[in-house]
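These protein sequences, in sequence, are chains A and B.
Sequential numbering from 76 applies to the first sequence in the working numbering.
Sequential numbering from 76 applies to the second sequence in the working numbering.
Ideal Cβ placement from N, Cα and C applies to all residues, glycine included.
Since the model is a prediction, treat every value here as computed from it, not as a measurement.
Notes follow once the structure below has been shown.
2 protein chains.
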Amino acid sequence: MISIILVNPQMVENIGMTARAMLNCGLTDLRIVNPRDPWPLEDWLRERLYAAASRAEAPLNGARIFTSVQEAIADLHYVAATTAQARDMVKRWVTPKQAAGEMRARVQAGQKAGVLFGPERTGLFNEDITLASDIICIPMNPDYSSLNLAQAVLVVAYEWYQAQTNPQPDILRMGKSYPAPRADLHNFLTRFEDELQTAGFFTSEEMKPTMVQNLRNALQRAELTEQEVRTLHGAVKALVQGPKRRLNSQ
Amino acid sequence: MISIILVNPQMVENIGMTARAMLNCGLTDLRIVNPRDPWPLEDWLRERLYAAASRAEAPLNGARIFTSVQEAIADLHYVAATTAQARDMVKRWVTPKQAAGEMRARVQAGQKAGVLFGPERTGLFNEDITLASDIICIPMNPDYSSLNLAQAVLVVAYEWYQAQTNPQPDILRMGKSYPAPRADLHNFLTRFEDELQTAGFFTSEEMKPTMVQNLRNALQRAELTEQEVRTLHGAVKALVQGPKRRLNSQ
Numbered sequence: 076m077i078s079i080i081l082v083n084p085q086m087v088e089n090i091g092m093t094a095r096a097m098l099n100c101g102l103t104d105l106r107i108v109n110p111r112d113p114w115p116l117e118d119w120l121r122e123r124l125y126a127a128a129s130r131a132e133a134p135l136n137g138a139r140i141f142t143s144v145q146e147a148i149a150d151l152h153y154v155a156a157t158t159a160q161a162r163d164m165v166k167r168w169v170t171p172k173q174a175a176g177e178m179r180a181r182v183q184a185g186q187k188a189g190v191l192f193g194p195e196r197t198g199l200f201n202e203d204i205t206l207a208s209d210i211i212c213i214p215m216n217p218d219y220s221s222l223n224l225a226q227a228v229l230v231v232a233y234e235w236y237q238a239q240t241n242p243q244p245d246i247l248r249m250g251k252s253y254p255a256p257r258a259d260l261h262n263f264l265t266r267f268e269d270e271l272q273t274a275g276f277f278t279s280e281e282m283k284p285t286m287v288q289n290l291r292n293a294l295q296r297a298e299l300t301e302q303e304v305r306t307l308h309g310a311v312k313a314l315v316q317g318p319k320r321r322l323n324s325q
Numbered sequence: 076m077i078s079i080i081l082v083n084p085q086m087v088e089n090i091g092m093t094a095r096a097m098l099n100c101g102l103t104d105l106r107i108v109n110p111r112d113p114w115p116l117e118d119w120l121r122e123r124l125y126a127a128a129s130r131a132e133a134p135l136n137g138a139r140i141f142t143s144v145q146e147a148i149a150d151l152h153y154v155a156a157t158t159a160q161a162r163d164m165v166k167r168w169v170t171p172k173q174a175a176g177e178m179r180a181r182v183q184a185g186q187k188a189g190v191l192f193g194p195e196r197t198g199l200f201n202e203d204i205t206l207a208s209d210i211i212c213i214p215m216n217p218d219y220s221s222l223n224l225a226q227a228v229l230v231v232a233y234e235w236y237q238a239q240t241n242p243q244p245d246i247l248r249m250g251k252s253y254p255a256p257r258a259d260l261h262n263f264l265t266r267f268e269d270e271l272q273t274a275g276f277f278t279s280e281e282m283k284p285t286m287v288q289n290l291r292n293a294l295q296r297a298e299l300t301e302q303e304v305r306t307l308h309g310a311v312k313a314l315v316q317g318p319k320r321r322l323n324s325q
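Below you can see the structure in the form of structure tokens.
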């Protein structure tokens, strides 16, 4: 099973219809980051939520609420972000079908995978997309590519469901290693960026967000294992301490 | 392009979201048979319709309203019916993907194709399915297979859109012939059944609907050309007149 992660969803109706689309395709793990209407929902909103779900209650009853995307994906080994429009980011672009096949292969190999969906009007912000390994781009009529949120979830979930009968594509062979859980990777990235900041790497505050984004995208692409993340922590530590301080600390 | 035909849709919101799903996939020909709310819609319903469509107005502005499925499909050469559950009918079952590929091939060969979607609560009635050549069964979680109407349209439209880049499957090679327009086929079937009725073929009124349904399904599967339908008309006429009357009429 994969996780569906709604980031800042606005309308409870869309959350309800998302639950329906998920259960249609056998998915139940729904995670919600900062919904517009605070949870637990007021009664009248809760009624609208469940009405839109049309008895697809399992994903709603088990839904978990988070206050940041990072928290919501902390335990996952693989995260894809959905977008309708091209973004200026160096990431691998996959179709829903391709993503579904690859996620099946990952899940069978014991990994946990999830897909991020942005809010209705804006889609995902770049900083959320940066947290993902790949971008799922849903190919649509270029003259009208604005998919309803639950429709976007359905396309991904439908391909996931179809993929159980399709032959599975190759994924990176890792032996007994897993990609690092996203929380481990995020810890490293935060630390790395802090150290770079301290070291005066970011010469201009204006350029910093773009530089951070590029670094994060580059390291996401590497599919680092837990061991590799530990090694990188060590490397950064070593660089920061420098030869003199390392000698001193011995 | 293929036509989307909604049979007895109940909620204007679902019609609006259908328009959105259609335009996402480049489709604009929307036909509606006996909607619950009569068209032209009252202002307040019209507002809800267009709000649900979220600026996907082309399919709505050009939508045509019919009073029977037969009328709505009269000009089409190929019609598929969608169902969520198995029906006890001898028809070819195809996946949305298979149907999409075949409809692409038909449209490129100059044929007009369309897909029937039933009302929200019940799905299509058997008598409507009988009018179709094939059944599109959307493979879903057997424990929760109830798809929202607009979601069902999206799956079919999405596969149609994807199919433009997929290799196309074989369809029946017909040289320069087309399958008979559905109106021609229906004329023949009606006449055939009338003649059978007159001839006392239907020994019980109770069994008649099932027998008619089986006949219609069998002849749908034949993909009769216009010429073949004309020939069958002649055959029925000849059988009815019998050898004596034919001699007399000469």
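query	result
Under three-state DSSP, which class holds L206(A)?	coil
Span of the alpha helix (DSSP H) holding T273(A)?	R257 to T273
Just to confirm, are G193(A) and D203(A) a CB contact at a threshold of 8 Å?	yes
With DSSP as the reference, please indicate the residues paired to F62(B) in a beta bridge.	There is simply no residue 62(B) to check, as chain B begins at 76 and stops at 325 in what is shown.
Consider the Cβ of N223(B): report whether some Cβ of chain A lies at a distance smaller than 8 Å.	yes
Please confirm whether M215(B) has its beta-carbon closer than 8 Å to some beta-carbon of chain A.	yes
For a contact defined as C-beta to C-beta under 8 Å, what are the partners of M86(A) on chain B?	The contacting residues do not exist; M86(A) stays about 12 Å from chain B at best.
Can you check whether the CB of V144(B) is closer than 8 Å to the CB of L206(B)?	yes
Tell me where the beta strand (DSSP E) around V169(A) begins and ends.	R167 to V169
Excluding five sequence neighbours on each side, which residues of the same chain lie with their C-beta closer than 8 Å to the C-beta of R123(B)?	V87, E88 and G91
Give every residue of the same chain whose Cβ lies closer than 6 Å to the Cβ of V231(B), excluding the five residues on either side of it in the sequence, and list them in chain order.	P171 and V190
Our contact map puts N99(A) next to L222(B) with C-beta atoms below 8 Å; I'd like the distance itself, whole angstroms only.	6 Å
Could you round the C-beta distance between A149(B) and R296(B) to whole angstroms and report it? I think they count as a contact, below 8 Å.	The pair is not a contact, with the Cβ atoms about 20 Å apart (cut-off 8 Å).
Which residues in chain B have a C-beta closer than 9 Å to the C-beta of V230(A)? List them in chain order.	L229, V230 and Y233
Out of Q173(B), A227(B) and M178(B), state which residue places its alpha-carbon closest to the alpha-carbon of G198(B).	A227(B)
If you draw a straight line from the alpha carbon of M215(A) to that of A126(B), how long is it in whole angstroms?	21 Å
If you reduce the DSSP assignment to three classes, tell me which class I326(B) lands in.	Nothing can be reported for residue 326(B), as the shown portion of chain B is limited to 76 through 325.
Could you give the residue range of the alpha helix (DSSP H) that holds T285(B)?	K283 to R296
With a threshold of 16 other CB atoms inside 10 Å of the CB of N292(A), please say whether the residue is buried or exposed.	buried
Chain B partners of G377(A), CB-CB under 7 Å?	Residue 377(A) falls outside the range modelled here, since chain A spans only 76 to 325, and no answer is possible.
Which ranges does the beta strand (DSSP E) cover as unbroken runs of at least 3 residues, wholly within the stretch 115 to 146 of chain A, from first to last along the chain?	139 to 141
According to DSSP, simplified to helix, strand and coil, what is A156(B)?	strand
Whose CA, out of M282(B), T300(B) and V304(B), lies closest to the CA of T265(B)?	V304(B)
In chain B, what lies closer than 8 Å to S220(A) by C-beta?	N99
Going by alpha carbons, who is nearest to L105(B) out of R111(B), I77(B) and L116(B)?	I77(B)
Should A238(A) be flagged as near chain B, meaning a C-beta pair shorter than 8 Å?	no
Quick one: which chain B residues come within Cβ less than 7 Å of R95(A)?	N223
Start and end of the alpha helix (DSSP H) containing L229(B)?	L224 to A238
Starting from the Cα of D269(B), find the closest Cα among Y253(B), M286(B) and A255(B) and give me that residue.	M286(B)
How about L271(A) and L299(A): are their beta carbons less than 8 Å apart?	no
Who are the neighbours of Q183(A) on chain B, taking C-beta pairs under 9 Å?	In chain order: nothing, as chain B lies at least about 19 Å away.
Mind listing which residues of the stretch 126 to 151 of chain A have their C-beta closer than 8 Å to chain B's C-betas, in chain order?	S129, R130 and A131
Please classify R162(B): does DSSP put it in a helix, a strand, or coil?	coil
8 Å is my cut-off, CB to CB: does Q226(B) come that close to chain A?	yes
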